[in-house]
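Reviewing the structure listed below.
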Amino acid sequence: MSLSKLDGIRGIAAVIVIFSHALFWYYPAMHLGLRTNGRPLDGIEWFDSPFSFFYRGGFSVSMFFILSGLVLTYSISRHVDVLGSIRKASIKRYIRLGVPVAASVLIGCTLMKLGVYEAPDVSPSPVLSTPYLFNATWDGAIRDATYGALALGDSRYNYVLWTIQIELIGSFAIFAAVALFGGNSFVYRIFCIAAFLALSASTNKTAMYTSLFFLGSMLITFRFSEEKTSRMRTATCLIGLLVGLYLAGFHSASASYALLSNMTRSLSSVTGYQPSWLLIMPAFGGLIILLSVLNAQRAFAVLDCTPMKWLGKLSFSLYLLHTFILVVVAQFFTKHFGMNFSAMILTLSTTIALTLIASYFFHLKIDLPAITLANKLSSLLLDSKSKSLKKEADQQHPAQA
209 MSLSKLDGIR GIAAVIVIFS HALFWYYPAM HLGLRTNGRP LDGIEWFDSP FSFFYRGGFS
269 VSMFFILSGL VLTYSISRHV DVLGSIRKAS IKRYIRLGVP VAASVLIGCT LMKLGVYEAP
329 DVSPSPVLST PYLFNATWDG AIRDATYGAL ALGDSRYNYV LWTIQIELIG SFAIFAAVAL
389 FGGNSFVYRI FCIAAFLALS ASTNKTAMYT SLFFLGSMLI TFRFSEEKTS RMRTATCLIG
449 LLVGLYLAGF HSASASYALL SNMTRSLSSV TGYQPSWLLI MPAFGGLIIL LSVLNAQRAF
509 AVLDCTPMKW LGKLSFSLYL LHTFILVVVA QFFTKHFGMN FSAMILTLST TIALTLIASY
569 FFHLKIDLPA ITLANKLSSL LLDSKSKSLK KEADQQHPAQ A
């Protein structure tokens, strides 16, 4: 199985999150399906269209979790010593996620202390304009940087960090699942399906999102040919892409999904399976897109191009940094141009450009060193443990003269 296309998918998903938050500022009806009084812009026609995938941030988050499940499972299962690989990955995970998260929290606190955020003179206030208008403290920031964001899900200093706790929990859920059931592909596939159904039916948000890790992890039990595919398979996978994109924009209140909403209600009524379809249906869309790409990789060769790979490498940094830049930029253009289409275009383009630049340096100075540190720490701990075990064995079984 080749996962070379996944960086491109992850990069696109990160950009969709930026679109989601920027458009929410100017076009709340695009997300909510409700007209907002005092808004010269509306966008409700996009809410009711089947083409809303390009700004559905929830779809991107679901895709992140599905990709994490697949990539983590692949990275540990390709080693001969799977349990040793799981131990190493478990040690690395907190540091690999925690260092960039901590840096973003401290950046957020610094910006708030500098007073770069202000309440826009617009009524009603844009939904995402006020999260950083509170009395930031270094004590609180250090707490969130060390454990609050990653372990407890606190997101005061960076409002996208609510996903990071789920990422950590999902990662360890996959490690445990592979350790217990990964020895047999069929058994592991059944377990992943059962875990997904059980967790996705929960009313707990963390459990629902954790279920998506098992959707991605399950894919490791299938074989995907990397040979040249037939025209029929290519056509099928391209249709799968379109179906996936349609499902990515799912909202039960949207006119374009009325039939699908009725089907989900009927399914829940007949089977008793009652997940949050608003979460699960876009996730199914992401899964179908991923299956389409893996089954016809040559048809999606664009995902292997240098810009896409570069975007994928920056995706975590983009995700962590974009809110700081978006709020400052949107406040500036709202103040000087008002709530109009030009201000929205300027906000979106400027935010993407500045976030890409900032993410490049963040990736070099924070993200890559975090990966290096995690690798060194895991090697150090495991090497010291193996040496102590060897020493104990030598003491119990001394060499005979």
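When you read off a place in the sequence shown, starting at 1, and then add 208, the result is the number in the working numbering.
Beta carbons are placed, not taken as given, at the ideal position from N, Cα and C, and that holds for glycine.
On a predicted model such as this, the values are computed, not experimentally measured, just so you know.
Straight-line Cα distance separating THR371 from ALA230: 19 Å
Backbone secondary structure at ASP352 - three-state DSSP: helix
In chain order, each alpha helix (DSSP H) run of at least 4 residues that lies wholly inside the segment 210-270: 214-234, 236-240, 252-255
Span of the alpha helix (DSSP H), counted from its first residue to its last, around GLU375: 370-389
GLU435 to LEU502 span [Cα, whole Å]: 11 Å
The segment 486-503 touching the segment 445-457, judged by at least three CB pairs closer than 8 Å: yes
Alpha-carbon spacing of LEU446 relative to ALA509, whole angstroms: 13 Å
Runs of alpha helix (DSSP H) lying entirely within the segment 536-604, each at least 4 residues, in chain order: 549-570, 576-604
Neighbour-count burial assignment, MET471, 16 or more Cβ in a 10 Å radius: exposed
Rounded distance between the beta-carbons of SER270 and LEU427, thought under 8 Å: The Cβ separation is near 15 Å, so there is no contact.
6 Å Cβ shell around THR437 - same chain, five flanking residues per side excluded: ALA504
Given TYR365 as reference, the closest of GLN373, PRO339, LEU376, ASP575 once Cα atoms are compared: PRO339
Whole alpha helix (DSSP H) elements within the segment 278-322, 4-residue minimum: 290-322
Whether ARG301 touches LEU360 by CB criterion (8 Å): no
Reduced DSSP category for ALA607 - H, G, I as helix; E, B as strand; rest coil: Only weak support exists for where ALA607 lies, its pLDDT of 47 falling under 50; the coordinates are left without a value.
Limits of the alpha helix (DSSP H) - the one that ASN503 falls within: 485-503
Reference ALA507, options PHE549, SER484, ALA461, ALA443, closest by Cα: ALA443
Pick from ARG295, TYR568, PHE430 that is closest to GLY585, judged by C-alpha positions: According to the sequence provided, residue 585 is Leu. The question's Gly does not apply to it. Considering only alpha carbons, the answer is ARG295.
Three-state class that DSSP yields for ARG431 in the structure shown: coil
Counted within 10 angstroms of its Cβ, other Cβ atoms place LYS321 as buried (16 or more) or exposed: exposed
Stretch pair the segment 270-283 + the segment 564-572: three plus CB contacts closer than 8 Å: no
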